[in-house]
Amino acid sequence: MQELRELYQEVILDHSKRPRNYRKQDDASNHAKGYNPLCGDKITVFLKLDGDVIQDVSFQGAGCAISTASASMMTEILKGKTKEEVERLFEHFHNVVTGKDEGEDEDITEKLGKLAVFAGVQEFPVRVKCATLAWHTLRAALESREEAVSTE
Ligand code: ZN
25 MQELRELYQE VILDHSKRPR NYRKQDDASN HAKGYNPLCG DKITVFLKLD
75 GDVIQDVSFQ GAGCAISTAS ASMMTEILKG KTKEEVERLF EHFHNVVTGK
125 DEGEDEDITE KLGKLAVFAG VQEFPVRVKC ATLAWHTLRA ALESREEAVS
175 TE
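Per the numbering used here: the sequence shown ends with 176, consecutive numbering throughout.
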């Protein structure tokens, strides 16, 4: 378990140092802003939707390692997904980071893929909002909500 934890930390560190899809989209069809006052994380999520399908997703912002890594990994797995698939993923992700889903590791990995690295966050409740900020902001973008999302 210790080795696994170190591997998880490496993945999170890598994404926080070199975030993927870190760019603005001038021709985005949807975007939303999110803020986590507890930690100071700020994020903007950009989406290009084709009907119900995410064609492109990217983000910009400033935040802690967990929030940046979470946004980076989220953008990596969402391309080609439908709104409904996104909702399901978010539900699993939320359950795992809040410790509601204490299923077997293999089970979590099957549901979440690479996002399973965030299972360690459940030991640090104050970090849950860092890990979920990108997802809350993504949902706001999908719904074209104008006002900024706050985790408080
Ligand atoms: Zn944070």
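C-beta atoms are modelled at their ideal positions from N, C-alpha and C, and glycine is treated no differently.
Taking 8 Å as the limit between beta carbons, can you name the residues of its chain near Q91, skipping five residues before and five after? The identity of residue 91 in the sequence shown is Ser, whereas the question assumes Gln. N60, C63, D65, I67, G85, C154, A155, L157, A158.
Tell me which residues pass a beta-carbon proximity test against the ligand ZN: closer than 6 Å to any heavy atom, given in chain order. N60, C63, D65, G87, C88, I90, S91, C154
Closest to A95 by C-alpha separation, out of L71, E167, E108, would be which residue? L71
Please report the straight-line C-alpha distance between G123 and H160, rounded to a whole angstrom. 18 Å
Going by DSSP, what residues sit across from L71 in a beta bridge? N54, V81
With 16 as the cutoff for other CB atoms within 10 Å, does V213 come out buried or exposed? It is not possible to answer for residue 213, since the shown part of the chain is limited to 25 through 176.
Please state whether DSSP places T122 in a helix, a strand or coil. coil
Roughly how many whole angstroms lie between the Cα atoms of T133 and L113? 12 Å
S53 to L73 span [Cα, whole Å]: 6 Å
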